[in-house]
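Enquirer:
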Amino acid sequence: MRQTLLNIGFGNYVAASRVTAIVNPASSPMRRLREDARAEKRLIDATQGRKTRAIIITDSNHVILSGIQAETLGARFAVEEDANAV
Numbered sequence: 000m001r002q003t004l005l006n007i008g009f010g011n012y013v014a015a016s017r018v019t020a021i022v023n024p025a026s027s028p029m030r031r032l033r034e035d036a037r038a039e040k041r042l043i044d045a046t047q048g049r050k051t052r053a054i055i056i057t058d059s060n061h062v063i064l065s066g067i068q069a070e071t072l073g074a075r076f077a078v079e080e081d082a083n084a085v
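Numbered according to numbering that gives the first Met the number 0, the sequence shown spans residues 0 to 85.
1. What ranges does the beta strand (DSSP E) occupy inside the stretch 8-47, keeping only unbroken runs of at least 3 residues that lie completely in it?
2. Taking three-plus beta-carbon pairs below 8 Å as touching, is the stretch 72-85 in contact with the stretch 23-43?
3. Could you give the distance in angstroms between the alpha-carbon of E70 and the alpha-carbon of A77?
4. What is the C-beta distance between I55 and V13, in whole angstroms, given that I count them as a contact (C-beta under 8 Å)?
5. Please name the residue in Q2, V18, R1 and A25 whose C-alpha comes closest to that of I63.
6. I think A15 touches L4, with their Cβ atoms under 8 Å apart; what is that distance to the nearest whole Å?
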């Protein structure tokens, strides 16, 4: 079985099968989620120093920050899902 990777920007990839949610980082609950993950050493910063535009939550409860818009990541994820269905 082949593992599908989701491009989260700037040469960074995450296993698509492990993604639970892709969310917008602007709300207060998402800011708390980010800070809690940082305190518990579960935060992965893949922004390459750019502004955080999406937060990816995995099934292992890791929180990944991306510099790519959540809508763009969602579209990429949908394309990967369609490609795997064929």
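Ideal Cβ positions, reconstructed from N, Cα and C, are used throughout, including at glycine. Since the model is a prediction, treat every value here as computed from it, not as a measurement.
Expert: This is what the structure gives:
1. Runs of the beta strand (DSSP E) lying entirely within the stretch 8-47, each at least 3 residues long, are 11-14, 18-22 and 42-45 in chain order.
2. Inter-segment contact for the stretch 72-85 and the stretch 23-43 is absent: fewer than three beta-carbon pairs are separated by less than 8 Å.
3. Reading the sequence shown from its first residue, position 71 is the one you call residue 70. Reading the sequence shown from its first residue, position 78 is the one you call residue 77. If you draw a straight line from the Cα of E70 to the Cα of A77, it is about 10 Å long.
4. For the purposes of this step, residue 55 is taken as residue 56 along the sequence shown, with counting starting at 1. For the purposes of this step, residue 13 is taken as residue 14 along the sequence shown, with counting starting at 1. Confirmed, Cβ separation roughly 6 Å.
5. Numbered from 1 along the sequence shown, position 64 holds the residue referred to as residue 63. If you compare the alpha carbons of Q2, V18, R1 and A25 with that of I63, the shortest gap goes to V18.
6. Position 16 of the sequence shown holds residue 15. Position 5 of the sequence shown holds residue 4. About 6 Å separates the two Cβ atoms, so the contact holds.
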